[in-house]
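In what follows, a structure is listed as structure tokens, so that the remarks can point back to it.
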Amino acid sequence: MEIELKHVKVKDLYEGYLDSGLDGIVGYGGKLDIRPPYQREFIYKPEQRNAVINTVKNGFPLNVFYWVKTDEDTYEMLDGQQRTISICQYINNEYSIEYVFFHTLPDDIQEKILDYDLMVYICEGTESETLDWFKIINIAGEELYDQEMRNAIYSGPWLENAKRYFSKPNGPAEDIAEGYMSGQLLRQDYLEQTLKWIADKEDIVIEEYMGKHQYDKNASELWRYFMSVITWAKTLFDDYKRKEMRNIEWGFLYNKYHENSYDADEFEEIVKELMMDDDVSKKSGIYYYLFDKNEKHLNIRSFSPAMKRGAYERQDGICTNCKDKFKIKEMEPDHITPWHDGGKTSAENCQMLCKECNRRKSGI
Numbered sequence: 000m001e002i003e004l005k006h007v008k009v010k011d012l013y014e015g016y017l018d019s020g021l022d023g024i025v026g027y028g029g030k031l032d033i034r035p036p037y038q039r040e041f042i043y044k045p046e047q048r049n050a051v052i053n054t055v056k057n058g059f060p061l062n063v064f065y066w067v068k069t070d071e072d073t074y075e076m077l078d079g080q081q082r083t084i085s086i087c088q089y090i091n092n093e094y095s096i097e098y099v100f101f102h103t104l105p106d107d108i109q110e111k112i113l114d115y116d117l118m119v120y121i122c123e124g125t126e127s128e129t130l131d132w133f134k135i136i137n138i139a140g141e142e143l144y145d146q147e148m149r150n151a152i153y154s155g156p157w158l159e160n161a162k163r164y165f166s167k168p169n170g171p172a173e174d175i176a177e178g179y180m181s182g183q184l185l186r187q188d189y190l191e192q193t194l195k196w197i198a199d200k201e202d203i204v205i206e207e208y209m210g211k212h213q214y215d216k217n218a219s220e221l222w223r224y225f226m227s228v229i230t231w232a233k234t235l236f237d238d239y240k241r242k243e244m245r246n247i248e249w250g251f252l253y254n255k256y257h258e259n260s261y262d263a264d265e266f267e268e269i270v271k272e273l274m275m276d277d278d279v280s281k282k283s284g285i286y287y288y289l290f291d292k293n294e295k296h297l298n299i300r301s302f303s304p305a306m307k308r309g310a311y312e313r314q315d316g317i318c319t320n321c322k323d324k325f326k327i328k329e330m331e332p333d334h335i336t337p338w339h340d341g342g343k344t345s346a347e348n349c350q351m352l353c354k355e356c357n358r359r360k361s362g363i
């Protein structure tokens with residue numbers, strides 16, 4: 000890859016600046032694609048954005064920018080998108096710093112910002128070389144999430160369409176999944192989660208799914224699948240928006256159980272009961288327990304050391320099952336009345352079994 004250094008003034012960078020949402024952002028007289036397909040969304044926090052402007056205003060050096068030459072006189076932003084957008088948005092009066100907008104600055108400060116010199120490395124090479132540079136450069140910057148890196152590798156029409164559904168704040172995915180999912184859309188959390196689910200359904204990995212569909216004209220298959228998953232979840236759990244519901248792997252449950260018939264009212268009664276059960280220490284596990292009845296999802300509260308010691312002394316160290324005598328370290332606590340039959344994790348319901356008997360009883 001060939002690289003040459005170029006000095007670009009802020010006023011030239013800002014010329015022709017246009018942000019048309021997910022359709023893209025351009026600047027430098029329309030010759031610079033500021034957000035090509037492999038780039039993340041704008042994620043800078045206000046303090047990061049303000050720091051860029053204060054650096055420029057004070058004449059301090061910014062880190063270098065990297066552009067990729069795409070034609071004789073056109074470029075793509077390889078690294079520096081967050082700083083570039085921060086600068087252009089400020090000059091565009093889209094935000095203020097301590098209530099001071101660009102247009103309210105004194106003329107000499109405005110000129111100082113517009114005349115600020117940016118150091119830009121112009122890179123020219125193959126597509127694979129560009130992606131390799133993109134990965135290397137971003138190691139030292141704001142950490143790239145796994146899905147952002149996948150987006151860089153599998154960019155194309157399918158991804159651009161998928162991002163319209165899954166990467167847009169207040170967009171379709173966030174609207175339909177409110178109360179059922181959590182995460183940052185701009186960091187591709189919704190897209191990654193849905194890809195995990197559909198990849199599981201097809202018994203492949205995310206990368207294989209994205210590679211298979213990279214040049215599809217749209218992501219309608221992924222969107223239809225997502226709607227099916229969330230609609231199924233809402234059908235079964237639509238009465239309440241408990242916080243625990245936001246972290247459930249609905250797609251994995253859908254893949255395995257959606258063809259079965261369930262009673263939503265019966266589910267709700269069980270959920271209510273288990274939410275009030277002090278022995279259930281992992282409340283989010285309730286939603287998995289409903290389907291497979293595996294108590295491990297619930298992290299049933301353990302017997303305390305005092306409960307174990309009390310039961311050991313009452314039994315005089317004798318296993319209630321095999322009737323042999325053991326040291327306390329050779330024994331394990333067990334519910335006399337099983338938890339699923341209403342037995343509580345209490346001193347009165349605790350018995351000590353030797354490890355062998357306890358494992359045999361637990362089916363281990």
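The sequence shown maps to residues 0 to 363 in numbering that gives the first Met the number 0.
By construction, the Cβ of each residue, glycine as well, lies at the ideal position given by its N, Cα and C atoms.
Are Y189 and I229 touching if we call contact CB-CB under 8 angstroms? no
Keeping to the same chain, check which residues put their C-beta closer than 7 angstroms to that of K240; ignore five residues upstream and five downstream. G178
Are the CB atoms of S280 and R308 within a distance shorter than 8 angstroms? no
For K68, which residues does DSSP report across the bridge? Y74
Rounding to the nearest angstrom, what Cα-Cα distance links D70 and M244 in this structure? 49 angstroms
Measure the alpha-carbon distance for W157 versus Y144 and round it to whole angstroms. 20 angstroms
Would you report the Cα separation of G79 and S95, rounded to the nearest angstrom? 21 angstroms
Answer with buried or exposed for T336, where buried requires no fewer than 16 other C-beta atoms within 10 angstroms of its C-beta. exposed
Cut-off 6 angstroms between Cβ atoms - residues of its own chain near W222, not counting five sequence neighbours on either side: Y164
Among residues of its own chain, excluding the 5 on either side of C318, which ones have a beta-carbon nearer than 8 angstroms to its beta-carbon? K324, F325, M330, M351, L352, C353, C356
Any idea if D107 is buried or exposed, counting beta-carbon neighbours within 10 angstroms, 16 or more meaning buried? exposed
From which residue to which residue does the alpha helix (DSSP H) around V9 run? 9 to 13
By the 10 Å Cβ neighbour count, where 16 or more other Cβ atoms means buried, how is M76 classified, buried or exposed? buried
Assuming K10 contacts D116 (C-beta within less than 8 angstroms), just tell me the rounded distance between them. That belief does not hold up - the Cβ atoms of K10 and D116 are roughly 11 angstroms apart, past 8 angstroms.
Would you grab the beta carbon distance between L194 and E40 for me? Rounded to a whole angstrom, and I think it's under 8 angstroms. The pair is not a contact, with the Cβ atoms about 17 angstroms apart (cut-off 8 angstroms).
Tell me whether the beta-carbon of N160 lies closer than 8 angstroms to the beta-carbon of A218. yes
For the alpha helix (DSSP H) containing H334, name the first residue and the last one. Taken as a continuous stretch (DSSP letters only), H334 belongs to no alpha helix (DSSP H), being part of the beta strand (DSSP E) at 330 to 334.
Quick one: Cα of L273 to Cα of V55, how far? 57 angstroms
Quick test of your reading: W196 and N254, contact by CB under 8 angstroms. State the CB separation rounded to the nearest angstrom. 7 angstroms
At a cut-off of 7 angstroms, is D32 close to the ligand PLP when judged by its beta-carbon and the heavy atoms of the ligand? Summarising the ligand content, the structure contains no ligands, and the ligand PLP is consequently not present.
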